[in-house]
Amino acid sequence: MSSSTDWPLWEVFVRSRRGLSHTHAGSLHAPDAEMALRNARDLYTRRSEGVSVWVVPSTEITASSPDEKDAFFEPAGDKPYRHPTFYEIPDGVKHL
Amino acid sequence: MVAVTAGRTAQGVADAAEAGSEREAAAFDAAVAADERIEPRDWMPDAYRATLVRQMAQHAHSEIIGMQPEANWISRAPSLRRKAILMAKVQDEAGHGLYLYSAAETLGTSREELLDKLHAGRQRYSSIFNYPTLTWADVGAIGWLVDGAAITNQVPLCRCSYGPYARAMVRICKEESFHQRQGFELLLALSRGTPAQHAMAQDAVDRWWWPSLMMFGPPDDASSHSAQSMAWKIKRHSNDELRRRFVDICVPQAQALGLTLPDPDIRWNEEIGQHDYGEIDWTEFQEVLKGNGPCNDQRLAQRRTAHEEGAWVRDAAAVYADKQRARADGSGAEGTTTDAEATAHPVEATA
Numbered sequence: 017m018s019s020s021t022d023w024p025l026w027e028v029f030v031r032s033r034r035g036l037s038h039t040h041a042g043s044l045h046a047p048d049a050e051m052a053l054r055n056a057r058d059l060y061t062r063r064s065e066g067v068s069v070w071v072v073p074s075t076e077i078t079a080s081s082p083d084e085k086d087a088f089f090e091p092a093g094d095k096p097y098r099h100p101t102f103y104e105i106p107d108g109v110k111h112l
Numbered sequence: 007m008v009a010v011t012a013g014r015t016a017q018g019v020a021d022a023a024e025a026g027s028e029r030e031a032a033a034f035d036a037a038v039a040a041d042e043r044i045e046p047r048d049w050m051p052d053a054y055r056a057t058l059v060r061q062m063a064q065h066a067h068s069e070i071i072g073m074q075p076e077a078n079w080i081s082r083a084p085s086l087r088r089k090a091i092l093m094a095k096v097q098d099e100a101g102h103g104l105y106l107y108s109a110a111e112t113l114g115t116s117r118e119e120l121l122d123k124l125h126a127g128r129q130r131y132s133s134i135f136n137y138p139t140l141t142w143a144d145v146g147a148i149g150w151l152v153d154g155a156a157i158t159n160q161v162p163l164c165r166c167s168y169g170p171y172a173r174a175m176v177r178i179c180k181e182e183s184f185h186q187r188q189g190f191e192l193l194l195a196l197s198r199g200t201p202a203q204h205a206m207a208q209d210a211v212d213r214w215w216w217p218s219l220m221m222f223g224p225p226d227d228a229s230s231h232s233a234q235s236m237a238w239k240i241k242r243h244s245n246d247e248l249r250r251r252f253v254d255i256c257v258p259q260a261q262a263l264g265l266t267l268p269d270p271d272i273r274w275n276e277e278i279g280q281h282d283y284g285e286i287d288w289t290e291f292q293e294v295l296k297g298n299g300p301c302n303d304q305r306l307a308q309r310r311t312a313h314e315e316g317a318w319v320r321d322a323a324a325v326y327a328d329k330q331r332a333r334a335d336g337s338g339a340e341g342t343t344t345d346a347e348a349t350a351h352p353v354e355a356t357a
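Put into structure tokens, the structure is as follows:
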């Protein structure tokens, strides 16, 4: 039987209270989505840390590679004009 | 790739890899120096990875083996209140084990491999759990002293250079505080109770004090992993530093409990502004590490039994999950082998 191999890995996202987005809490092993949800509740919300939980198979997550992070995020690097602090406004001008 | 150029190309690849890894090593060193966190997919030295796996595995194993000495008293807790608290605490320990196993798995090791190594005695757990819980007061002494020592050790680990380990420790430390306080409160109730209850509390503290001090590991001059771990910022303080900090914390707490610590050499040292304490019996520590503690065999045997006796649950859950998947795929007919099953059990699929 399959007990000799690990169950699939799931990533757990918890919404701590209404109005906030789900945040990555950690991961766990479970045979299916329903068990993953129940395990996530027992593991990550024992002290009422959540009002909603998502579980996602870890294999379904596509991530950027740390090796190419400089090149990947480079386009934003030379555009300081995207930040409000880039602009010089005379003293005394309000609501800007 | 054409055969003729293969040799040169391979050499070229090797050169590029070497230059690449030098650049990566520099990036790793810079991140550690700048107190940034190393994340799972970053390049890291093999020895850093191996050290983390060893330490996190030992830590995870300690959490789940640590469930045993306390679970020993769940059915005999003196009140429903104490029973509910103890169950919650033991459940927390299981949770802590799971956080740490997950964190260790980000380093490319599997859960199964970690458990196999624990069951085969090839990875350790904290030697403290090889001592027996003889009386109800031991539950209090474990909470106060063992969890207290663990917290002293673990708070600096929240700033460990490896991100997933540090994050797991933040979660664990938040929860440990309840563990320590319930132990203190339990001991206080006994200490203020009948003379027999007071004596029981004192006896538990007498037995758990020295093993708790040993939890900080060998003295600095005999600790084989310490220097490198501190350079990598896995560890932030030396074993002796943390041990003395723990003594400082415990002395006034013992007074508040109305109990004495079993060390006549504990006294305030004006010069360093900390307490001095007596000589630790490191022979006992080594013996317990070697497997000759009072409960080494029992703890490991019980862990193996629990794992084996839980096999049917894991099997049933796996079969159920397969069946649900098969139904969802629409191919629902009994006996149909899904792709997933065919990959997982090639022998069965072709038999």
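Top to bottom, those sequences are chains A and B. Quick note: the first sequence, position 4, residue 20 per the numbering used here, numbers continuous. Quick note: the second sequence, position 206, residue 212 per the numbering used here, numbers continuous. From the three backbone atoms N, C-alpha and C, an ideal C-beta is built for every residue, glycine too.
Handout entry: Own chain, CB closer than 8 angstroms to Thr57 (chain B), minus 5 neighbours either side, in chain order
Key = The sequence position of residue 57 (chain B) within the second sequence is 51, counting from 1. Within the same chain, Thr57 (chain B) has close Cβ partners His231, Gln234, Ser235, Trp238, Ile240.
Coarse secondary structure for Trp26 (chain A), derived from DSSP in three states: Within the first sequence, the letter at position 10 stands for residue 26 (chain A). In this structure, Trp26 (chain A) counts as strand in the three-state DSSP scheme.
Subject >> Members of the stretch 35-48 of chain A that neighbour chain B once the beta carbon cut-off is set at 9 angstroms >> reply: Ala41, Gly42, Ser43, Leu44, His45, Ala46, Pro47, Asp48
>> Between which residues of its own chain and Leu251 (chain B) is the CB-CB distance below 7 angstroms, once the five residues before and five after are set aside?
In response: The residue you call residue 251 (chain B) lines up with position 245 of the second sequence. The residue asked about is misnamed: residue 251 (chain B) is Arg in this sequence, not Leu. Closer than 7 angstroms at the Cβ level, and outside the excluded window around Arg251 (chain B), lie Thr158.
Query raised in the report: What's the C-alpha gap between Arg98 (chain A) and Tyr168 (chain B)?
Result: The residue you call residue 98 (chain A) lines up with position 82 of the first sequence. The residue you call residue 168 (chain B) lines up with position 162 of the second sequence. Spanning the two alpha carbons is a distance of roughly 33 angstroms.
What are the boundary residues of the beta strand (DSSP E) that includes Ala41 (chain A)? Locating residue 41 (chain A) in the first sequence gives position 25, counting from the first residue. That run of the beta strand (DSSP E) goes 39-45.
| message | Quick check: what's the CA-CA separation for Arg213 (chain B) versus Tyr54 (chain B)? | response | As a working note, residue 213 (chain B) is residue 207 in the second sequence. As a working note, residue 54 (chain B) is residue 48 in the second sequence. Those two C-alpha atoms are separated by around 36 angstroms.
Item to check | Val10 (chain B), buried or exposed, once every other Cβ within 10 Å from all chains shown has been counted against 16 | outcome: Mapped onto the second sequence, residue 10 (chain B) falls at position 4. Residue confidence for Val10 (chain B) is low, a pLDDT of 39 falling below 50, so the modelled location carries little weight and cannot support an answer.
What in chain A is Cβ-close to Ala327 (chain B), meaning under 7 angstroms? For the purposes of this step, residue 327 (chain B) is taken as residue 321 along the second sequence, with counting starting at 1. Within chain A, the residues near Ala327 (chain B) are Pro47, Asp48.
| field | Residue of B:Asp144, B:Arg242, B:Pro225, B:Val257 minimising C-alpha distance to Phe291 (chain B) | value | The sequence position of residue 291 (chain B) within the second sequence is 285, counting from 1. The shortest Cα separation from Phe291 (chain B) among B:Asp144, B:Arg242, B:Pro225, B:Val257 belongs to B:Pro225.
Discussion item. Going by the DSSP bridge assignment, what does Trp70 (chain A) pair with across the sheet?
Written reply: For the purposes of this step, residue 70 (chain A) is taken as residue 54 along the first sequence, with counting starting at 1. In the DSSP output, where bridge partners are listed per residue, Trp70 (chain A) has A:Phe29.
>> Can you check whether the C-beta of Leu59 (chain A) is within less than 8 angstroms of a C-beta belonging to chain B?
In response: The residue given as residue 59 (chain A) occupies position 43 in the first sequence. So, interface residue.
Query - Test: Thr101 (chain A) CB closer than 8 angstroms to a CB of chain B - result: Position 85 of the first sequence holds residue 101 (chain A). By this cut-off, Thr101 (chain A) is not an interface position.
| task | Rank A:Pro82, A:Pro96, A:Pro106, A:Val28 by C-alpha distance to the C-alpha of Thr39 (chain A) and give the top, closest one. | result | Here residue 39 (chain A) is taken as the residue at index 23 of the first sequence, counted from 1. Answer by Cα proximity: A:Val28.
Check: In whole angstroms, what is the alpha-carbon distance linking His294 (chain B) and Ser108 (chain B)?
Finding: The sequence position of residue 294 (chain B) within the second sequence is 288, counting from 1. The sequence position of residue 108 (chain B) within the second sequence is 102, counting from 1. The sequence as given places Val at residue 294 (chain B); His does not occur at that position. Taking the straight line from one Cα to the other gives about 28 angstroms.
Using the rule of at least 16 other Cβ atoms within 10 Å of the residue's Cβ for burial, across every protein chain shown, is Met175 (chain B) buried or exposed? As a first step, residue 175 (chain B) is located in the second sequence; it is residue number 169 there, counting from the start. Classification of Met175 (chain B): buried, given that the 10 Å Cβ count is 16 or more.
Cutoff 8 angstroms: Gln304 (chain B) Cβ touching any chain A Cβ
By 1-based counting over the second sequence, the position of residue 304 (chain B) is 298. No, no contact with chain A.
query: Is it the case that the Cβ atoms of Ala147 (chain B) and Val96 (chain B) are separated by a distance below 8 angstroms?
result: Looking up residue 147 (chain B) in the second sequence gives position 141. Looking up residue 96 (chain B) in the second sequence gives position 90. Taking 8 angstroms as the Cβ cut-off, Ala147 (chain B) and Val96 (chain B) do not qualify as a contacting pair.
Quiz item: Can a CB atom of chain A be found closer than 8 angstroms to the CB of Leu104 (chain B)?
Solution: Residue 104 (chain B) sits at position 98 when you count from the first residue of the second sequence. Yes, contact with chain A.
- Task: In angstroms with no decimal places, state the Cα-to-Cα distance between Gln261 (chain B) and Leu36 (chain A).
- Result: Counting from one through the second sequence, the residue named residue 261 (chain B) turns up at place 255. Counting from one through the first sequence, the residue named residue 36 (chain A) turns up at place 20. The straight-line gap from Cα to Cα measures roughly 45 angstroms.
Beta-bridge partners of Tyr168 (chain B), as assigned by DSSP: Against the second sequence, residue 168 (chain B) aligns to sequence position 162. For Tyr168 (chain B), which the question treats as bridged, DSSP gives the partners B:Ile44.
Worksheet entry | Cβ-Cβ distance between Asp271 (chain B) and Gly284 (chain B) below 8 angstroms | Translated into positions along the second sequence, residue 271 (chain B) becomes position 265. Translated into positions along the second sequence, residue 284 (chain B) becomes position 278. Going by C-beta atoms, Asp271 (chain B) is nearer than 8 angstroms to Gly284 (chain B).
Counterpart residues of His281 (chain B) in DSSP-defined beta bridges: What you label residue 281 (chain B) is simply residue 275 of the second sequence in a count that begins at 1. Looking at the DSSP assignment, His281 (chain B) forms a beta bridge with B:Trp274.
Query raised in the report: Thr78 (chain A) CB to nearest chain B CB: under 8 angstroms?
Result: In the first sequence, counting from the first residue as 1, residue 78 (chain A) sits at position 62. No, because no Cβ of chain B sits closer than 8 angstroms to the Cβ of Thr78 (chain A).
Cα-Cα separation, Glu111 (chain B) to Phe102 (chain A): Here residue 111 (chain B) is taken as the residue at index 105 of the second sequence, counted from 1. Here residue 102 (chain A) is taken as the residue at index 86 of the first sequence, counted from 1. Looking at the two C-alpha atoms, the distance is approximately 43 angstroms.
Using a beta-carbon distance below 8 angstroms, is Glu45 (chain B) in contact with chain E? No chain E appears in this structure, whose protein chains are A and B.
Can you give the Cα-Cα distance for Asn275 (chain B) and Gln160 (chain B), rounded to whole angstroms?
Counting from 1 along the second sequence, the entry for residue 275 (chain B) is found at position 269. Counting from 1 along the second sequence, the entry for residue 160 (chain B) is found at position 154. Near 26 angstroms, if we compare the C-alpha coordinates of Gln160 (chain B) and Asn275 (chain B).
Practice task
Measure the alpha-carbon distance for Ala92 (chain A) versus Ser80 (chain A) and round it to whole angstroms.
Solution key: Here the question's residue 92 (chain A) lines up with position 76 in the first sequence. Here the question's residue 80 (chain A) lines up with position 64 in the first sequence. Rounded to the nearest angstrom, the two C-alpha atoms are 15 angstroms apart.
Quiz item: For Ala32 (chain B) and chain A, any beta-carbon pair shorter than 8 angstroms?
Solution: Start at 1 with the first residue of the second sequence, and residue 32 (chain B) comes out as number 26. Chain A contact via Cβ: absent.
Answer yes or no: does any C-beta atom of chain B fall closer than 8 angstroms to that of Asp94 (chain A)? As a working note, residue 94 (chain A) is residue 78 in the first sequence. It does not: the Cβ of Asp94 (chain A) has no partner Cβ on chain B nearer than 8 angstroms.
Point to revise | Residue range of the alpha helix (DSSP H) that includes Asn302 (chain B) | key: Indexing the second sequence from 1 puts residue 302 (chain B) at position 296. From DSSP, the alpha helix (DSSP H) with Asn302 (chain B) extends over 302-315.
C-alpha gap between Ile409 (chain B) and Leu163 (chain B), whole angstroms = Because chain B spans 7 through 357 in this model, residue 409 (chain B) falls outside it and cannot be assessed.
Checklist line | Beta-carbon separation (whole angstroms), His281 (chain B) vs Asp254 (chain B), contact threshold 8 angstroms | finding: Taking the first residue of the second sequence as 1, we reach residue 281 (chain B) at position 275. Taking the first residue of the second sequence as 1, we reach residue 254 (chain B) at position 248. 5 angstroms between Cβ atoms; contact.
Check your understanding: Counting Cβ pairs, one atom from each stretch, are 3 or more of them under 8 angstroms apart for the stretch 170-187 of chain B and the stretch 118-135 of chain B?
Key -> no
Cβ shell of Glu102 (chain B) (< 6 angstroms), same chain only, five flanking positions each side left out: Within the second sequence, the letter at position 96 stands for residue 102 (chain B). Glu is not the amino acid found at residue 102 (chain B); the sequence shown has His there. Within the same chain, His102 (chain B) has close Cβ partners Glu69, Ile178.
task: Would you give the residue range spanned by the alpha helix (DSSP H) that Gln129 (chain B) belongs to?
output: On the second sequence, residue 129 (chain B) is found 123 positions in, with the first residue counted as 1. Where Gln129 (chain B) is concerned, there is no enclosing alpha helix (DSSP H), given that its DSSP letter is neither H nor E.
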